[in-house]
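Residue numbers (the working numbering): 7 to 180.
C-beta: ideal position from N, C-alpha, C; glycine also.
Structural data, given as structure tokens:
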């Protein structure tokens, strides 16, 4: 079976029903997709399949043969981050980083789909089911909205209020 991942075609020897997550991590050594709950509920294994977020732990490798699969490794490089990666960095939206790849990919798909600035509610919906144990989601949501507006640099023009509004993402434990 052949899979196209991050623009490169790979001959995969794993059995066809192997979860895409395991093919990516174990066979292709792309480790940004994480094995969290392995039941599709936490979002840490999210990848893009033809530009749409998909839980790789629930996706049989054979079902994406012929599709374009994108992992975090395929979005940008340290010297040239994608807009969402740059916004996450400049807005301090990552803590431990375990959930970050899945959120960055889901946010990237949202911004691509929308084609312009996104609203807070759209971000909350797109990130619903992506769990983060380290943050209150405020900086994550702010980073996604900033990336959609092309504001990927440092937040020098934004006043610091000292308080963050609570953010409730549907399906989150918050």
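Relative to the C-alpha of residue i, which candidate in the options has its C-alpha closest?
i, options, result
"residue 146", "155, 25, 90, 15", "90"
"residue 47", "35, 38, 54, 64", "64"
"residue 26", "67, 33, 35, 44", "67"
"residue 245", "21, 58, 16", "Outside the shown range of the chain (7 to 180) lies residue 245, about which nothing can therefore be said."
"residue 33", "61, 51, 129, 21", "21"
"residue 15", "159, 157, 39, 75", "75"
"residue 132", "159, 88, 60", "60"
When the Cα atoms are used, what is the spatial distance from residue i to residue j?
i, j, result
"residue 56", "residue 101", "28 Å"
"residue 18", "residue 11", "11 Å"
"residue 84", "residue 23", "33 Å"
"residue 139", "residue 8", "36 Å"
"residue 31", "residue 150", "26 Å"
"residue 165", "residue 99", "Only weak support is given to the placement of residue 165: the predicted model assigns it a pLDDT of 47, under 50, and the question is left unresolved by the model."
"residue 123", "residue 155", "5 Å"
Within 10 Å of its beta-carbon, does residue i have 16 or more other beta-carbons around it, so buried, or fewer, so exposed?
i, result
"residue 72", "exposed"
"residue 49", "buried"
"residue 137", "buried"
"residue 143", "buried"
"residue 115", "buried"
"residue 86", "exposed"
"residue 148", "buried"
For residue i, is the beta carbon positioned less than 7 Å from some heavy atom of the ligand MG?
i, result
"residue 35", "Questions concerning the ligand MG fall outside what the structure shown contains, since it holds no ligand whatsoever."
Does the beta-carbon distance from residue i to residue j come in below 8 Å?
i, j, result
"residue 93", "residue 153", "yes"
"residue 77", "residue 53", "yes"
"residue 13", "residue 80", "yes"
"residue 135", "residue 51", "no"
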